[in-house]
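What follows is a short report on a single structure.
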Amino acid sequence: MSSFAGISMVTGSKDCFIPSASQAHITPAVDAGTDSGYHLLVVKEYSRAVQDLPNGNKIWSGPFMVGGHQWCIHCYPNGGDPSCADFISLDLCLDDDSDDDHDEMEESVEAKFQFSFIDQVEYQKPMYIRARETRSFSIGHRCWGCMKFMKRDALERSAHLKADCFTIRCDIMVCNDLNTQDTVSDIGQHFKFLLQDKLGSDVTFEVSGEMFPAHRCVLAARSKVFRAQLFGPMTEGVTSSPIQIKDMEAKVFAALLSFVYSDSFPKMEDETQAVEGEEKDETPEVEEGQEEAATEHVTWLQDLFVAADRYDIQQLKFLCEKQLAKHIGVTSVAPTLALAEQHHCQRLKEACFKFIEAQSPECLDKVMATDGWYHMISTHPSVLNEFVAKLVSNQNKNMKTKQ
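Just so it is clear: in the sequence shown, position 56 is 55 by numbering that gives the first Met the number 0, and no numbers are missing.
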């Protein structure tokens, strides 16, 4: 169970730390390979921090303990370096005293972590944290983070900023037992090797002319739809010949199987890796014009999203939704909006609405000139009505605020 590890409050460029009541004495979990906790960083007078702190300058939390180690959060209101000057940057830093704990620090501390806003509860679930990539914190590499956590102008338009204040939650899972950590890290790889080696496979799927051997028990354990298909009352003889999967590309089904076996989000072969020392940008921000170069990737994400919904693999559906929100652009916003409506994803729909609201008249003309826009308004006219109602509501709120 994730434990509360205190609150840090920062006002402008001044900070104070409020430890949790349980932090005076921390007892490591018995027979546990991991220890988890979360810390809250409250940034008050955000506008003052942006004004007073230039690019590369930070505010930071007080020290807090998780997993027997001391940590600290760094926040850069104007970005950690010139490449992300328009963003808020965040770092998680190992803050153990190197003089007192030199021998202990000879070995790296393995940890998973996630930054989120306090109201983004979907990012704070243990299952989601466990799916994160493990990072090695050491004397030579104390800090890992997200250089492009969120664009400042996007934060200023969002509900996360209230009364010139926002709260960041940092969830941390520290892996203490090396043997247990090896098991946690390797089990997904072992199942992925099982899929690749085809050892013991007892069912085959045919998708777009390609054959995919798999294991019924693994599929049934991960998906209620696969369970019904492979072990339900109408399954006699279902595995004697390849099961035909229609309306799906082979590369999409391959990605679906990869997630089922490894529990990690699949990547396209040409997908670029995150820069060492950074987490990938978690924010739905795409510069105008970038979406054209990523059309194939967005289409793949959309198809994988549909496949995850089709087989009721909710964690994969959620991760696809998150990735699609990051890749909203002029040509992709309408198809993504139609997809969100069709599959009842309110968060993704809201992300599309926010993107459209923020566009200039020229960009709006480009959005409404796309084939995807015409298809969306013809097949899902209620979405357009909902969007217009939202615009009117926002205008009324703005008028009341000015009065």
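Built from N, CA and C at the ideal position, the CB exists for glycine as well.
TODO: Taking the CB atoms as reference points, tell me whether PRO241 and PHE204 lie closer together than 8 Å.
DONE: yes
TODO: Pull up the distance between the alpha-carbon of ASP364 and that of VAL329, whole angstroms please.
DONE: 10 Å
Task: C-alpha distance - ALA219 paired with ASP262, whole-angstrom precision - done: 14 Å
Task: Three-state class that DSSP yields for ALA368 in the structure shown - done: ALA368 falls in the coil class under three-state DSSP.
TODO: Since I believe MET172 is in contact with ILE128 (beta carbons under 8 Å), could you give me their beta-carbon distance rounded to a whole number of angstroms?
DONE: That pair is a contact at about 5 Å.
Task: Of the residues VAL259, GLY61, MET146 and THR10, the one placed nearest ALA48, counting alpha carbons only - done: The candidate whose alpha carbon is nearest that of ALA48 is THR10.
- [ ] For ASP34, write down the residues that DSSP places opposite it in a beta bridge.
- [x] VAL173
Task: Beta-carbon contacts of PHE304 that lie in its chain and below 8 Å, excluding the five residues immediately before and after - done: LYS316, CYS319, GLU320, LEU323, LEU338 and HIS342
Open item on the list: Output needed for VAL382: all residues of its chain with C-beta closer than 8 Å, excluding positions within five of it in sequence on either side, in chain order.
Closed with: LEU336, ALA337, GLU340, LYS348, MET375 and ILE376
Task: Stretch pair the stretch 199 to 214 + the stretch 142 to 158: three plus CB contacts closer than 8 Å - done: no
- [ ] Just tell me which of LEU89, ALA249 and SER157 has its CA closest to the CA of ALA350.
- [x] SER157
Task: Where ASN77 falls, given that 16 or more other Cβ within 10 Å makes a residue buried - done: buried
- [ ] Pull up the distance between the alpha-carbon of CYS169 and that of SER115, whole angstroms please.
- [x] 7 Å
Open item on the list: Going by DSSP in three states, LYS57 sits in which element: helix, strand or coil?
Closed with: coil
- [ ] Would you mind working out which of ILE72, CYS92 and LYS325 sits nearest ILE138, comparing C-alpha positions?
- [x] Among ILE72, CYS92 and LYS325, the Cα nearest to that of ILE138 belongs to CYS92.
Task: DSSP beta-bridge partners of TYR75 - done: SER88
Open item on the list: One question on the structure: do SER200 and HIS189 come within less than 8 Å of each other, judged by their Cβ atoms?
Closed with: no
Open item on the list: I'd like to know whether the C-beta atoms of VAL108 and HIS68 end up nearer to each other than 8 Å.
Closed with: yes
Task: Exposed unless 16 or more other CB atoms sit within 10 angstroms - verdict on HIS140 - done: exposed
TODO: Just the C-alpha distance for LYS250 and LEU256, rounded to the nearest angstrom, thanks.
DONE: LYS250 and LEU256: Cα-Cα distance of roughly 10 Å.
TODO: List the residues that DSSP assigns as beta-bridge partners of VAL206.
DONE: According to the DSSP secondary-structure assignment, VAL206 is paired through a beta bridge with GLU209 and ILE244.
Task: Within 8 Å, strictly: CB atoms of SER222 and ILE312 - done: yes
Task: Chain-order list of residues whose beta-carbon lies under 6 Å from that of ASP280 (same chain, five-residue window excluded) - done: Annotation note: pLDDT 40 at ASP280 (below 50); position unreliable, no value reported.
- [ ] Note down the Cα distance separating PHE165 from VAL224, rounded to an integer number of angstroms.
- [x] The alpha-carbon atoms of PHE165 and VAL224 are separated by roughly 41 Å.
Open item on the list: Ignoring anything shorter than 3 residues, give me the beta strand (DSSP E) runs that lie fully in the stretch 304 to 362, in order along the chain.
Closed with: Counting whole runs of 3 or more residues, the stretch 304 to 362 contains no beta strand (DSSP E) stretch at all.
Task: Neighbour-count burial assignment, LEU154, 16 or more Cβ in a 10 Å radius - done: buried
Open item on the list: Please list the terminal residues of the continuous alpha helix (DSSP H) segment that includes GLU106.
Closed with: No alpha helix (DSSP H) holds GLU106; DSSP gives it neither H nor E.
Task: Neighbour-count burial assignment, LYS245, 16 or more Cβ in a 10 Å radius - done: exposed
Task: Bounding residues of the alpha helix (DSSP H) (the contiguous stretch that carries ILE128) - done: 125 to 129
Open item on the list: Going by DSSP, what residue range makes up the alpha helix (DSSP H) through VAL224?
Closed with: 223 to 230
TODO: Inspect the beta-carbon positions of ALA333 and THR378 and report whether they are closer than 8 Å.
DONE: no
Task: SER7, enclosing beta strand (DSSP E) - first and last residue - done: 2 to 10
Open item on the list: Cutting at 6 Å between CB atoms, please list the residues of its own chain near LYS191, excluding the five before and the five after it.
Closed with: Once the five neighbours on either side are set aside, the close Cβ partners of LYS191 are TYR260 and SER261.
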